[in-house]
Amino acid sequence: MLSFTNSSVTEELFTFSLLSLSLSPFKMSDASKISESPNTKNKYEKIISNLRQDDGWKPVGKLYEYQGFWYGPSLVRNVISAQESFTPQPTDIVLCSSPKSGTAWLKALAFSIVSRNQVNDSTNPLLKKLPHEIVPFLEIELAQDSNNRNLETPFVATHIPYSSLPRSIIDSSCKIIYICRDPKDVLISHWNFDQQVSGIGSESFPLEEALEQYCKGIYPFGPYWDHVLGFWKASLEFPEKVLFVKYEDLKTDGPFHVKRMAKFMGHPFSIEEEQQGAPEKIVSMCSFENLSRLEVNKNGKYYLPDLPTFENKSFFRKGKAGDWKNYLTDGKAVKFNQIMEEKFSGSGLV
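FYI, the UniProt record's numbering numbers position 349 of the sequence shown as 349, with every residue one higher than the one before it.
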């Protein structure tokens with residue numbers, strides 16, 4: 001379990017009320033009550049009707065290409081709405097990722113780092129809530145109302161690519177953390193997750209079809225390479241604003257990268273905290289092994305407007321690096337790697 005003592009750094013930290021998070025959580029039903037005006041709805045429908053379409057990623061159905069990336073119809077509307085209306089707080093930290101790249105893990109780690117001096121073993125919201133309930137998605141809960149969240153929690157999450165983020169985020173003082181993962185593991189996780197949620201099995205959507213779609217970049221929030229490269233290049237150009245983190249590096253040396261994240265977010269660990277093993281405790285608290293066995297993540301459900309109801313356990317499948325080896329033959333892996341190497345060529349990203 002996770003517990004920390006107060007340190008001299010506490011007074012310098014951005015403070016917020018975690019008690020209010022526990023007592024007044026964001027309610028998914030609140031988001032579903034937000035409605036579009038007829039004029040806005042017609043405007044979005046007109047935009048969507050002119051977009052390129054594809055239905056090859058069968059568990060999701062029809063996808064639409066908007067600004068070079070693929071979305072379901074409701075997400076296209078939400079992305080446009082967020083671009084037009086989202087207003088971040090100056091202190092917000094935007095947690096970004098391609099789907100199935102470690103999003104829940106990043107949320108848990110970032111939240112635990114910032115809140116470490118306000119929670120203990122019994123009050124940490126992660127013990128009772130899915131990380132996605134603590135940190136809302138820009139393109140879902142916040143798409144039409146920037147304030148539809150606990151404003152005392154300085155986090156927003158998104159799968160929206162860097163090039164399509166609202167200008168209000170790009171031009172603000174907000175910081176961005178992006179997590180990327182081996183694309184072969186992302187493919188396998190995405191394929192398994194979408195089958196589970198949609199009920200469409202591998203007989204109707206075999207891995208070979210998913211691999212073909214993935215390599216064409218036509219799947220939700222794809223193409224993968226453009227998604228990753230957008231944030232990678234931004235992290236090189238604006239290192240004070242964008243931090244790029246690799247899933248596999250977190251697996252290999254979690255405490256080092258937790259300290260790196262803490263410093264970037266303006267919440268560095270004190271010498272005393274490091275001596276007491278605070279970074280290691282956060283890594284342990286947020287580990288797949290710990291989070292996946294919590295009651296809320298074994299039997300809870302996650303409700304989102306305009307999307308299926310998710311079982312929390314669907315977000316905790318294996319949490320391993322290299323699981324793709326159990327699914328892809330050597331030949332398919334080599335071909336996949338060749339495509340990715342070509343896409344990332346010259347970027348400096350390995």
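Using N, Cα and C, we set each Cβ at its ideal position, and we do this for glycine too.
In the structure shown, Val94 adopts extended strand secondary structure according to DSSP, grouped into three states. In the DSSP assignment, Trp70 is bridged to Glu65.
Look at Gln144 here: in three-state DSSP terms it is coil, with no helix or strand label. One Cα belongs to Ile271, the other to Ser101, and the distance between them is close to 31 Å. Residue pairing for Tyr178: DSSP places it in a beta bridge opposite Cys96, Phe244.
If the five residues before and after Ile200 are omitted, its C-beta is found closer than 7 Å to the C-beta atoms of Lys58, Pro59, all from its own chain and listed in chain order. Remark: C-beta atoms of Leu126 and Ser112 approach each other more closely than 8 Å.
Cα atoms of Ile160 and Tyr64: separation of roughly 14 Å, rounded to the nearest angstrom. Per DSSP, the unbroken beta strand (DSSP E) holding Thr158 starts and ends at 155-158. Nearest to Val119 by C-alpha distance, out of Arg293, Phe316, Ala278, is Ala278.
Looking only at Gly56, Pro73, Lys313, the smallest Cα-Cα distance to Lys46 is reached by Pro73. Burial state of Pro308 is exposed, judged by a 10 Å Cβ sphere holding fewer than 16 other Cβ atoms. 8 Å or more divides the Cβ of Glu280 from the Cβ of Pro239. Take the alpha-carbon of Phe205 and the one of Phe310: they are about 20 Å apart.
The C-beta distance from Gly61 to Asp54 rounds to 10 Å, too long to fall under 8 Å, and the pair is not in contact. Around the beta carbon of Lys246, 16 or more other beta carbons lie within 10 angstroms, which makes this residue buried.
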